[in-house]
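I have placed the structure first, in the form of structure tokens, so that the comments after it can refer back to it.
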Amino acid sequence: MSDTLTPDVIGRRVEVNGEHATVRFAGVVPPVAGKHPTGGSFIRPNKVNFGTDFLTAIKNRYVLEDGPEEDRKEQIVTLGNKPVETVGFDSLMKQQSQLSKLQEVSLRNCAVSCAGEKGGVAEACPNIRRVDLSKNLLSSWDEVIHIADQLRHLEVLNLSENKLKFPSGSALTGTFSALKVLVLNQTGITWAECGSSRHGLTCRKMPASVGTCACGRNAPPATASSSAKDHTSMWMNVAKVLRCAVWCPGLEELYLESNNIVISERPTDVLQTVKLLDLSSNQLIDENQLYLIAHLPRLEQLILSDVGISSIHFPDAGIGCKTSMFPSLQYLVVNDNQISQWSFFNELDKLPSLRALSCLRNPLTKEDKEANMTRQLIIASIGQLKTLNKCEILPKERRTAELDYRKAFGNEWKQAGGHQDPDKNRLSEEFLRAHPRYQFLCLKYGAPEDWELKTQQPFMLKNQLLTLKIKYPDQLDQKVLEKQLPGSMTIQKVKGWLSRLLKVPVSDLLLSYESPKLRPHDDIKLSLDKIKLENDLQSLRFYSVENEDCLLVRW
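Below, the structure is given as structure tokens:
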């Protein structure tokens with residue numbers, strides 16, 4: 012690299028030792044005594060990579076050098092320690108080397124900085140439809156426009172990790188007319204006017220600058236003492252989503268991850284064709300900002316992962332009603348947020364077209380022992396949902412989830428004024444807000460009966476033990492014994508325990524039982540001691556033995 016610098020070097024993106032930076036100064040600076048301000052570095056021009064043009068990068072990446080014919084007959088690729096002979100690889104490489112046939116180009120991290128000679132791209136590779144230009148040295152939309160203007164079939168463009176200034180002019184008519192997918196992750200793009208006081212926004216720091224000194228002396232960068240006004244002006248030149256969208260009348264997918272975006276203005280004449288919008292990792296977005304994009308007519312997929320959102324509310328829709336917002340939204344992603352209230356999912360039931368939801372790694376949806384119960388509650392809360400966290404919701408799972416939900420909150424429903432007779436239903440407003448679908452579930456499956464609402468004891472050993480009295484009708488000298496035995500204990504095991512206790516062979520023992528609950532039916536002349544426990548393989552519970560019953564032992 013020569014020490015000679017072009018006049019337009021200021022503002023250029025450059026590469027130094029694998030790191031990307033922006034040139035803020037070029038020229039000779041006299042030495043200054045004292046400590047130098049920080050914030051930039053001075054580099055000799057011959058140590059800086061100013062990049063290459065688009066067409067040269069394509070040729071370097073895809074064009075095969077001519078060589079002896081015999082060298083290209085066989086291609087050997089090593090996988091691990093084993094050489095593998097490829098079949099058809101040579102023809103594939105030849106096809107890729109024919110630039111006019113290229114339709115997809117990946118030039119990620121290839122130091123592309125400009126379009127190159129005018130018309131050169133259109134002549135060499137006019138059929139390109141998909142271009143990945145992420146993490147390059149493009150510094151302005153002007154160069155992007157010069158490239159795209161020569162690719163009339165361009166449908167997908169990835170410009171992630173490029174710091175692009177807004178163009179000096181507007182894009183030519185039709186430059187991005189075929190573009191359907193635009194990826195602008197980590198580009199520093201803003202939504203509308205950054206720095207506008209009416210939105211309460213503040214400027215963010217620019218990336219580290221590189222001052223380039225022709226003489227190579229150590230000296231402070233010229234921008235070290237620049238004013239706040241200059242700093243704000245610098246960011247005013249950064250591209251804006253709503254202004255760039257004007258160039259793309261047919262845009263269907265827009266990716267804006269990790270840009271610190273604040274949605275400050277409602278898109279009216281732009282983004283009307285967008286079906287997918289990715290706003291992931293923009294931590295400044297909140298619930299109120301979402302209202303500004305809630306009326307995009309064709310928006311089907313909205314990705315809001317890692318934006319810090321904890322709540323959402325659709326004020327235009329009451330309990331059991333659908334909102335007019337996000338009319339076409341079918342798939343919502345809210346992974347890695349701060350969702351901790353069930354009201355969030357109750358509100359999502361108001362979205363008329365929602366069919367799929369992903370809500371992983373939130374406080375309410377952590378992967379723990381209650382994860383399955385959480386899934387069932389979400390399914391019961393959003394009636395039209397077909398897929399949850401990329402797992403299909405089958406009809407059987409929905410039915411089970413809704414029935415369990417109906418039963419789990421049955422007592423709360425009854426205490427809030429619920430009644431099996433619809434005419435006597437007087438549900439409180441508080442209950443309806445907390446469980447907006449409960450009334451619908453009662454209509455679908457019927458109101459819960461009283462027997463369904465009995466509180467079941469937890470399945471613990473102490474709740475499964477029967478307290479029994481042990482009597483010996485033929486052995487009057489034996490004292491009555493009180494003992495706790497599991498209801499699941501078989502008659503055979505009961506006899507074994509009694510055999511050890513009484514020192515009587517198991518084969519001699521005859522068991523029966525009596526129950527206080529049978530006493531009112533004495534007029535039936537039932538011989539209580541003839542309720543025999545004859546099948547050794549059956550349990551006490553099988554014979555309906557209950558607490559306070561009396562076990563009769565004979566031998």
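Straight run, no breaks: the sequence shown in my numbering ends on number 566.
Don't be surprised by glycine CBs; every beta carbon is placed ideally from N, CA and C.
Burial state of residue i (16 or more Cβ within 10 Å)
i	result
Glu30	exposed
Ser555	exposed
Pro218	Interpretation of Pro218 is limited by its pLDDT of 35, a score under 50 that renders its predicted location unreliable; the figure taken from the coordinates is listed afterwards. Its Cβ having fewer than 16 others within 10 Å, Pro218 is exposed.
Ser207	Here Ser207 scores only 35 on pLDDT, less than 50, and its place in the model is too uncertain to base an answer on.
Ser335	exposed
Cys370	buried
Lys490	exposed
Tyr449	buried
Leu454	exposed
Arg209	Low confidence applies here, because Arg209 scores a pLDDT of 33, under 50, leaving its location unreliable and the question unanswered by this model.
Gln109	exposed
Glu154	buried
Glu403	exposed
Trp508	exposed
Gln300	buried
Pro531	Because the pLDDT of Pro531 is 46, which lies under 50, any placement of that residue in the model is unreliable, and the question is left without a value.
Ile330	exposed
Tyr456	exposed
Thr213	Model confidence at Thr213 stands at a pLDDT of 35, short of 50, so the residue's coordinates are unreliable and nothing is read from them.
DSSP state of residue i mapped onto helix, strand, coil
i	result
Cys214	At Cys214 the pLDDT is 36, less than 50, meaning the model places this residue with poor confidence; the figure from the coordinates comes in the next sentence. Note: Cys214 maps to coil in three-state DSSP.
Ile481	strand
Glu5	Here the chain comprises residues numbered 12 to 566, so residue 5 is not present and cannot be evaluated.
Ala233	Here the model assigns Ala233 a pLDDT of 36, short of 50, so the residue's position is not dependable, and the following value carries that caveat. Looking at Ala233 - three-state DSSP - the assignment turns out to be helix.
Leu262	coil
Ser208	With a pLDDT of only 32 at Ser208, under the threshold of 50, the placement of this residue in the model should not be trusted; the figure read from the coordinates follows. Helix at Ser208.
Pro527	helix
Thr67	helix
Asp19	helix
Leu548	coil
Cys136	coil
Lys286	coil
Lys543	strand
Pro433	helix
Asn57	helix
Leu522	strand
For residue i, the first and last residue of its enclosing beta strand (DSSP E)
i	result
Glu463	Taken as a continuous stretch (DSSP letters only), Glu463 belongs to no beta strand (DSSP E), as it is neither H nor E.
Pro497	492–497
Ala32	30–37
Val564	561–565
Val192	192–194
Phe53	51–54
Arg141	141–143
Tyr554	Looking at the DSSP string, Tyr554 is not in any beta strand (DSSP E), and its letter there is neither H nor E.
Leu343	342–344
Glu128	That residue, Glu128, is in no beta strand (DSSP E); it is neither H nor E in DSSP.
Val116	115–117
CB of residue i within 8 Å of CB of residue j, strictly
i	j	result
Arg24	Ser150	yes
Leu562	Ile481	yes
Asn147	Ser124	yes
Leu362	Phe337	yes
Asp143	Leu113	no
Leu368	Leu396	yes
Arg163	Ala189	yes
Val273	Trp353	no
Glu493	Pro527	no
Pro278	Leu307	yes
Val285	Leu265	yes
Val132	Ile156	no
Gln349	Pro326	no
Arg72	Gly51	no
His392	Asn346	It is Ser, not His, that sits at residue 392 in the sequence shown. No, they are not a contact pair.
Asn57	Glu26	no
CB contact below 8 Å: residue i versus chain C
i	result
Leu521	Considering every chain present, this structure includes no chain C. It has just one protein chain.
N-terminal and C-terminal residue of the alpha helix (DSSP H) that residue i is part of
i	result
Arg444	440–445
Asn422	421–426
Phe451	449–456
Ser510	502–513
Glu172	Per DSSP, Glu172 belongs to no alpha helix (DSSP H) and is neither H nor E.
Cys255	252–256
Glu154	152–159
Unbroken stretches of the alpha helix (DSSP H), 4 residues or longer, contained in the stretch 350–419: Counting whole runs of 4 or more residues, the stretch 350–419 contains the alpha helix (DSSP H) stretches 354–359, 382–392, 406–419.
Unbroken stretches of the beta strand (DSSP E), 3 residues or longer, contained in the stretch 296–328: 312–314, all fully within the stretch 296–328.
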